[in-house]
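Peer 1: Protein chains in written order, with the working numbering: chain F, 69 to 492; chain U, 589 to 824.
I have a structure I would like to understand better, so I am pasting it below and will then ask my questions one at a time.
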């Protein structure tokens, strides 16, 4: 005899009550749609920022960088016990701090080549020197590279604003400078710079190209021929500071790096490890932003609860009469749950549409690129994924549904006799 | 002899309320037993606080007795749970209250249709036809699409009566149906009840303290402190 019947009449009563109070309903729907819109836009913004950063890093950073830093087995404790006896470890107090150089690099390359997933191995000499132009002098990080190999590592020729990257091969005194350094030194194509070498000598180089990657750390640098860098740094021709690697499968770069470390005993860092601090900063900011936006939706949820509570309070008599006409408890609950759901779904759909517009608009906003940030971009990078919408909508709907349960159940529990007699 | 449509056996109703001085038990109906016959037009009268409204709600399955049994036809409604009572109220009973209690968002026609559609006793089309017929029976054929706030008090009460008849109730229960109306409209409502009783054989129980109104019914049950003080059969 007892059936939970959901029928047309219940839906009809539910929506009629809702549309009877147009202004309040519209306000609540706006609240939810704004919450959903802000959430989606925030996710898109944060995701887009992180994604564009990662994209740029992946484009411009080598997959794995090998540095001259030796892997040392560290002794955890100077006192240790073994087979019942206590031993004391002595570490030589005065230890010569080795320069972090990869020596005899052709042998190292030979070893790395055993790792079949490594596609390209490029030698690099990185050295910090003083550059002079006219009366200006400025520290400059010079990277000595082999252009052909380097291009295979990061497709560097795509970043050239003027000049040709491959020219470096044939120009022993050529230098390709990043836009940031170029403007700091106020130099342009064809200018002649003076570089003070480690040994104190001065070498004159010619600017044969200008590049821009959008990442300030890299645009601060300048590229020269490998041989020139070795000379300036005072290295012999088989000494390097770094080796850049490109692997076939980027997702397995960490495993490759670890196995190379074992083979050659030099530190190997993947691009994620190199950029880890920046990426984790982005992720932390994202979490904070999401947290704030969650509260926006939570507040919208209170709006839903508010609409339902006022609807229930103002409808005491109607609820009593519906009960006396033979509506069961569950059906009364449904009348108000439907109102909550309806408001939430309409709000979520509108919010998604608004968010689409918002993402488009935000994506076109011009921003002045900052010189100090880690990446430069002339507009906001917005991410886009169906999951933003699914996530934000379901979050809003769940919050609204939770907010609806209390008032709906409250309505179903009202005692019609008290109300019909005018006791409430 | 016909079976009674409503039968009360030693019905007792005690209200328990909590106050500062502790729990107060207030016995409204100590021990009531009587029958209501098919086709009877009964008035329950008595001073306020005599328990007449409580009695009506008990007979209407809106409230449950503290002890004793209430039968509607053969169903023991005093034993039923809330949801079963809801089905009985929808299918077997019609209610008219002092205030009309129409749903403000719905037209007169829709208000009359709702009880028919609530439990699916009638289909949409059938319900509409029935509602039209009922509204013309109460003289409101012109007002089908009017919202309650566009109707006068008397008209609203007539819509409520049409609604109470929606599912062909076994008995129509009315609680001070003219309590809020002027004498002209009261007379109209009274005539309507009388006509329903005489022409359709509709059983009706009315709670009223309008002596004039009560005197025109078939039977007056006069309550005093929850007991039957007088049980007068007026017409037969």
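Positions of the beta carbon are idealized from the N, C-alpha and C atoms, including for glycine.
#1: So, residue 309 of chain F versus residue 214 of chain F, is the Cβ gap smaller than 7 Å?
#2: Using a Cβ cut-off of 7 Å (strictly closer), state whether residue 703 of chain U contacts chain F.
#3: What does residue 753 of chain U reach in chain F if we use C-beta pairs closer than 7 Å?
#4: Would you list the residues sitting across from residue 262 of chain F in a DSSP beta bridge?
#5: Can you grab the Cα-Cα spacing for the pair residue 315 of chain F / residue 330 of chain F, in whole Å?
#6: Report the neighbours of residue 689 of chain U on chain F: residues whose CB is nearer than 9 Å to its CB, in chain order.
#7: Shorter than 7 Å from the beta carbon of residue 484 of chain F to some beta carbon of chain U?
#8: Is residue 136 of chain F near residue 180 of chain F, with beta carbons less than 7 Å apart?
#9: For a minimum of 4 consecutive residues, which ranges assigned as the alpha helix (DSSP H) are wholly contained in the region 386-463 of chain F?
#10: Kindly identify the DSSP beta-bridge partner or partners of residue 190 of chain F.
#11: For residue 378 of chain F and chain U, any beta-carbon pair shorter than 7 Å?
#12: With residue 561 of chain U as the anchor, note down where its beta strand (DSSP E) starts and where it stops.
#13: Would you mind reading off the limits of the beta strand (DSSP E) that contains residue 622 of chain U?
#14: What are the boundary residues of the beta strand (DSSP E) that includes residue 597 of chain U?
#15: Going by DSSP, what residue range makes up the alpha helix (DSSP H) through residue 370 of chain F?
#16: Excluding the 5 residues flanking residue 257 of chain F on each side, which residues of the same chain have their C-beta closer than 7 Å to its C-beta?
#17: Apart from the five residues on each side of it in sequence, which residues of its chain come closer than 7 Å, Cβ to Cβ, to residue 670 of chain U?
#18: Using the rule of at least 16 other Cβ atoms within 10 Å of the residue's Cβ for burial, across every protein chain shown, is residue 202 of chain F buried or exposed?
#19: Based on DSSP bridge pairs, tell me the residues matched to residue 293 of chain F.
#20: Touching or not, the region 814-824 of chain U and the region 646-660 of chain U, by the rule of three or more beta carbon pairs under 8 Å?
#21: Return the chain-ordered list of same chain residues with a C-beta closer than 6 Å to the C-beta of residue 587 of chain U, the five sequence neighbours on each side being excluded.
#22: Provide the residue span of the beta strand (DSSP E) that contains residue 818 of chain U, from first to last.
#23: Name the chain F residues that come within less than 7 Å of residue 832 of chain U, Cβ to Cβ?
#24: Write down every uninterrupted run of the alpha helix (DSSP H) in the region 757-794 of chain U whose length is 4 residues or greater and which is fully enclosed by it, in chain order.
#25: Anything in chain U within Cβ reach of residue 77 of chain F, meaning under 8 Å, just list it in chain order.
#26: Taking the Cβ atom as the reference point for each residue, do residue 414 of chain F and residue 97 of chain F lie within a distance shorter than 7 Å?
#27: Taking the alpha carbon of residue 725 of chain U as the reference point, which residue from U:758, U:641, U:697, U:815 has its own alpha carbon closest?
#28: Which stretch, first to last residue, makes up the alpha helix (DSSP H) that contains residue 633 of chain U?
#29: Which complete beta strand (DSSP E) runs does the region 669-733 of chain U hold, if anything under 3 residues is left out?
#30: Kindly list, in the order they appear in chain F, the residues whose Cβ is closer than 7 Å to that of residue 678 of chain U.
#31: Can you list, in chain order, the residues of the region 85-114 of chain F whose Cβ is nearer than 7 Å to any Cβ on chain U?
#32: I'd like to confirm the pairing. Which residues does DSSP put opposite residue 138 of chain F in its beta bridges?
#33: Measuring only between beta-carbons, confirm whether residue 693 of chain U sits less than 7 Å from chain F.
#34: Using alpha carbons as the reference points, say which of F:430, F:375, F:417 lies closest to residue 93 of chain F.
#35: Tell me whether the region 178-192 of chain F and the region 148-156 of chain F touch, counting them as touching only if at least three CB pairs, one residue from each stretch, are closer than 8 Å.
#36: Compile a chain-ordered list of the residues in the region 638-672 of chain U whose CB is closer than 7 Å to at least one CB of chain F.
Peer 2: Short version:
#1: The residue given as residue 309 of chain F occupies position 241 in the first chain. The residue given as residue 214 of chain F occupies position 146 in the first chain. Not a contact, by the Cβ cut-off of 7 Å.
#2: Reading the second chain from its first residue, position 115 is the one you call residue 703 of chain U. Yes, residue 703 of chain U lies at the interface with chain F (some Cβ there is under 7 Å from its Cβ).
#3: The residue labelled residue 753 of chain U in the question sits at position 165 within the second chain. Result: empty, since nearest Cβ-Cβ is about 12 Å, beyond 7 Å.
#4: On the first chain, position 194 is the one that residue 262 of chain F refers to. Paired residue(s): F:200, F:272.
#5: The residue given as residue 315 of chain F occupies position 247 in the first chain. The residue given as residue 330 of chain F occupies position 262 in the first chain. If you take the alpha carbons of residue 315 of chain F and residue 330 of chain F, they lie about 17 Å apart.
#6: Position 101 of the second chain holds residue 689 of chain U. Simply 385, 386, 388, 389, 392, 488.
#7: Position 416 of the first chain, counting from 1, holds the residue named residue 484 of chain F. By this cut-off, residue 484 of chain F is an interface position.
#8: As a working mapping, residue 136 of chain F is identified with position 68 in the first chain. As a working mapping, residue 180 of chain F is identified with position 112 in the first chain. No, these two residues do not count as a Cβ contact at 7 Å.
#9: 397-432
#10: Here residue 190 of chain F corresponds to residue number 122 of the first chain, with the count starting at 1. The partner list for residue 190 of chain F (beta bridge, DSSP) reads F:312.
#11: Numbered from its first residue, the first chain carries residue 378 of chain F at position 310. Cβ-Cβ to chain U under 7 Å: no for residue 378 of chain F.
#12: Here chain U covers residues 589 to 824 and nothing more, so residue 561 of chain U does not appear.
#13: Working through the second chain from its first residue, we reach residue 622 of chain U at position 34. Unbroken beta strand (DSSP E) run through residue 622 of chain U: 610-624.
#14: Counted from its first residue, the second chain places residue 597 of chain U at position 9. Where residue 597 of chain U is concerned, the enclosing beta strand (DSSP E) stretches over 594-607.
#15: Indexing the first chain from 1 puts residue 370 of chain F at position 302. Residues 344-382.
#16: Counting from one through the first chain, the residue named residue 257 of chain F turns up at place 189. 230, 231, 275, 278.
#17: One-based indexing of the second chain puts residue 670 of chain U at position 82. Here the set comprises nothing.
#18: Counted from its first residue, the first chain places residue 202 of chain F at position 134. Residue 202 of chain F is exposed by the Cβ-count criterion.
#19: As a position in the first chain, residue 293 of chain F is number 225, starting the count at 1. Partner(s): F:213.
#20: no
#21: Outside the displayed span of chain U (589 to 824) sits residue 587 of chain U, for which this structure offers no information.
#22: For this step, residue 818 of chain U is matched to residue 230 along the second chain. From DSSP, the beta strand (DSSP E) with residue 818 of chain U extends over 815-821.
#23: Summary: the structure shown does not reach residue 832 of chain U, with chain U confined to residues 589 through 824, and so no result is reported for it.
#24: 771-788
#25: Taking the first chain and counting its residues from 1, the one referred to as residue 77 of chain F is at position 9. Those are 702, 705, 706, listed as they occur along chain U.
#26: For the purposes of this step, residue 414 of chain F is taken as the residue at position 346 of the first chain. For the purposes of this step, residue 97 of chain F is taken as the residue at position 29 of the first chain. For residue 414 of chain F and residue 97 of chain F, yes; Cβs fall inside 7 Å.
#27: To locate residue 725 of chain U, count along the second chain from 1; it is residue 137. The residue with the shortest Cα to Cα distance from residue 725 of chain U is U:697.
#28: Here the question's residue 633 of chain U lines up with position 45 in the second chain. Unbroken run through residue 633 of chain U is the beta strand (DSSP E), 629-633; no alpha helix (DSSP H).
#29: 681-684
#30: By one-based count along the second chain, residue 678 of chain U stands at place 90. Within 7 Å Cβ-Cβ: 393, 394.
#31: 85, 88
#32: Indexing the first chain from 1 puts residue 138 of chain F at position 70. Per DSSP, F:334.
#33: Your numbering for residue 693 of chain U matches position 105 in the second chain. It does; some Cβ of chain F falls within 7 Å.
#34: In the first chain, residue 93 of chain F corresponds to position 25, counting from 1. Cα-wise, what sits closest to residue 93 of chain F is F:375.
#35: no
#36: 641, 645, 650, 651, 670, 671, 672
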